[in-house]
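Accompanying notes for the structure given below.
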Amino acid sequence: MSDILQKLEAINIRFEEVGQQIVDPDIIADMDRYVKLNKEYKDLEEVVAAYHKYKNVVENIASAKEILSNEPDPEMKEMAQMELDELLPKKEEMDEEMKVLLIPKDPADDKNVIIELRAGTGGDEACIFVEDIFRMYSMYFKDRKWKMEVVNTNEGGTSGYREMQFEVAGEGVYGTLKFESGVHRVQRVPETESQGRVHTSAITVAVMPEAEEVDFTLNMADVKKDTYRASGAGGQHVNKTESAVRLTHIPTNTVVECQDGRSQHKNYEKALGVLRTRLYQAEFEKLELERAAHRKSLVSTGDRSAKIRTYNYPQGRITDHRINKTMYNLSNFMNGDIQEMIDSLKMAENAEKMKEGNTAG
36 MSDILQKLEA INIRFEEVGQ QIVDPDIIAD MDRYVKLNKE YKDLEEVVAA
86 YHKYKNVVEN IASAKEILSN EPDPEMKEMA QMELDELLPK KEEMDEEMKV
136 LLIPKDPADD KNVIIELRAG TGGDEACIFV EDIFRMYSMY FKDRKWKMEV
186 VNTNEGGTSG YREMQFEVAG EGVYGTLKFE SGVHRVQRVP ETESQGRVHT
236 SAITVAVMPE AEEVDFTLNM ADVKKDTYRA SGAGGQHVNK TESAVRLTHI
286 PTNTVVECQD GRSQHKNYEK ALGVLRTRLY QAEFEKLELE RAAHRKSLVS
336 TGDRSAKIRT YNYPQGRITD HRINKTMYNL SNFMNGDIQE MIDSLKMAEN
386 AEKMKEGNTA G
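Heads up: the sequence shown is residues 36 to 396, going by the numbering used here.
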């Protein structure tokens, strides 16, 4: 049996085990365990369906070879040869598909995320670009039918935003968006530029897997809470009560603010979620950097200061510097058509993992 087939066979055995466990009344009674097993069952389902198709092709190749070796009837031999000619390239293609399916999934890939956009170099132009990127992502999320909620905004001097935070919920959100973390650079002529000169500005994007209480235990004795009156746009009601919340994690001096909701309670809950996620992210990044030291990853180094992508307006192009991919559909891209780039980054990471022989054992 081939190495790939052996690994798939082991996954199939596990799939059947989990299938029996999720109908066991004792496990159904233990909600946490039941949810975990149900999720595992769903994750394995795709691999097992592919395994059955692959096994069928492998078995048909073996029986066609058997006929060619032992069958005296020339007509039967001819049919077996035709079948073999069709099946061998199919198996080769499926070998590659199976290798990708056998790459271990990052457990964080299924998490929801909190995204932070911050204006970097470039003053007002960077603030405007924060708003442009926010719009780009919003349109992409809408297309994916993901739910998005703004947590906090800090407006720019004349227009745009100095920073924005928002939550995104849906299926496989972190696994899809994790490659967006880093410095996004824009080259274009600002509206205020009378000479028509191209300026370069930059913003940082941080995509953080949302921490659930089980991921990160936050000691509330370490958290200082302040309330204040919200400022900025948002209607008259905003300034009448102290609905805005600022939380400070004293040991790390991590500060989180939330003022976009009308109720102090809701802002407090959201701020707490962001604080937990930020602290979890710091631990998560430590791990990522350790992993990156072991494997010089092109795609996800965990380094937020790395320049990852350039949006060049005069040439209508987007270039991702990690994989040297350039696309010339900037206006569609800024309208949320970013899936091709994400797919290319995923493929690059998979190729990298496969090179290390990092498949499920």
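Backbone N, C-alpha and C define an ideal beta-carbon position, used for all residues, glycine too. For clarity, every value in this text was computed on a predicted model and none was experimentally measured.
- Going by beta carbons, residue 222 and residue 235 fall inside the 8 Å limit.
- The segment 192-203 and the segment 147-161 touch, with three or more beta-carbon pairs separated by less than 8 Å.
- Counting the other Cβ atoms within 10 Å of the Cβ of residue 363 gives fewer than 16, which makes it exposed.
- Its chain contains 102 as the residues whose beta carbon lies nearer than 7 Å to that of residue 111, once the 5 sequence neighbours on both sides are disregarded; these appear in chain order.
- Here residue 143 is buried. Its C-beta has 16 or more other C-beta atoms within 10 Å.
- With a cut-off of 8 Å on Cβ pairs, the segment 372-389 is in contact with the segment 343-362, counting three or more such pairs.
- Between residue 123 and residue 95, the C-beta gap is not smaller than 8 Å, which leaves the two residues out of contact.
- For residue 237 against residue 156, the beta-carbon gap comes to about 5 Å, under 8 Å, which counts as contact.
- Taking the Cβ atoms as the reference, residue 264 lies roughly 23 Å from residue 289, outside the contact range of under 8 Å.
- Looking at 72, 310, 350, 373, the one whose alpha-carbon comes closest to that of residue 246 is 310.
- Less than 8 Å divides the Cβ of residue 295 from the Cβ of residue 187.
- Spanning the alpha carbons of residue 89 and residue 108 requires a straight line of approximately 28 Å.
- With respect to the C-alpha of residue 225, the residue from 292, 207, 113, 195 having the closest C-alpha is 195.
- Secondary structure note for residue 209: its alpha helix (DSSP H) is the uninterrupted segment 208-212.
- Its chain contains 371 as the residues whose beta carbon lies nearer than 7 Å to that of residue 178, once the 5 sequence neighbours on both sides are disregarded; these appear in chain order.
- Assigned with DSSP and collapsed to three states, residue 108 falls in coil, not helix or strand.
- Spanning the alpha carbons of residue 342 and residue 167 requires a straight line of approximately 18 Å.
- Under DSSP, the beta-bridge partners assigned to residue 201 are 150, 185.
- Annotation: residue 346 to residue 215 spans about 13 Å, alpha carbon to alpha carbon.
- Taking the Cβ atoms as the reference, residue 39 lies roughly 39 Å from residue 174, outside the contact range of under 8 Å.
- At a Cβ-Cβ threshold of 8 Å, residue 47 and residue 86 count as neighbours.
- The beta carbon of residue 176 sits closer than 7 Å to the beta carbons of 183, 203 from its chain, once the five residues preceding and following it are set aside; these are given in chain order.
- By DSSP's assignment, residue 220 forms a beta bridge with 237, 345.
- Going by DSSP, residue 352 is part of no alpha helix (DSSP H) but of the beta strand (DSSP E) stretching over 352-355.
- Per DSSP, the beta bridge partners of residue 280 are 262, 293.
- Taking C-beta separations shorter than 8 Å and ignoring five residues to either side along the sequence, the partners of residue 74 in its chain run 145, following chain order.
- Under the DSSP assignment, residue 381 falls in the alpha helix (DSSP H) whose first and last residues are 374-390.
- The criterion of a C-beta distance shorter than 8 Å is satisfied by residue 99 and residue 118.
- Of the candidates 231, 318, 213, 213 places its Cα closest to the Cα of residue 376.
- Here DSSP, grouped into helix, strand and coil, assigns residue 89 to helix.
- By the Cβ-count criterion, residue 300 is exposed, with fewer than 16 other Cβ atoms from all chains shown falling within 10 Å of its own Cβ.
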